[in-house]
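Remarks on the structure that follows.
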């Protein structure tokens, strides 16, 4: 879940990995639409023929970038949840801490999925659909922890939506507010939401 990791660390073609590493750095740091294919070709030190052999269009590369980010975050969160398999409260608190770690990184630019969705607003676009799949997975993961805490099924969807909104807000605040610590507010607000649901 850290910026030091990247989809390029995964097995596969070294050239493809180099292109993805350059795209990951530039897309996240400067914005997807702001970065041209030629810029990535130059950063990755590959020929145009090689680039387009791996990624026939820029959108193909963007999709690979989003899916790589999704795998990275899934792996990180899955590992975190396994470490707290017997304590859902500790798992959610650790998740808030992971968000803090991201927000405190010097090169943090907010949530890559929210950023990508802002640049691909059409719901039928493959990039936007990849973002939606990731967010659906994240919501399902949070809901599982919420139900493990004892929140009734009738309330679990609403509590999950509120917690996901808190996460989104914390990611934005971590970028815009710089030195602010979003995890404390996130954890406190999350406990209040879950506590209120448990009292119902």
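In UniProt numbering, the protein residues as written are 1 to 200. Idealized CB from N, CA, C, for every residue including glycine. For clarity, every value in this text was computed on a predicted model and none was experimentally measured.
- Rounded to whole angstroms, residue 66 and residue 85 show a C-alpha spacing of 28 Å.
- Sequence-distant Cβ neighbours of residue 29 in its own chain, meaning closer than 7 Å and more than five residues away, are 107, 109.
- In this structure residue 92 is in contact with residue 190, their Cβ atoms being roughly 6 Å apart against a cut-off of 8 Å.
- The C-alpha of residue 39 is placed about 43 Å away from the C-alpha of residue 159.
- Assignment of alpha helix (DSSP H) within the stretch 115 to 149, counting only whole runs of 4 or more residues, yields 126 to 148 in chain order.
- Shown here, residue 89 sits in a helix according to DSSP, grouped into three states.
- In this structure, the alpha-carbon of residue 165 lies about 21 Å from that of residue 75.
- A distance below 6 Å between beta-carbons, with the five flanking residues on each side excluded, links residue 18 to the following residues of its chain, in chain order: 44.
- A Cβ-Cβ contact shorter than 8 Å links residue 96 with residue 187.
- By the neighbour-count definition (other C-beta atoms within 10 Å, threshold 16), residue 20 is a buried residue.
- In this structure, DSSP gives residue 57 a state outside helix and strand, which the three-state scheme calls coil.
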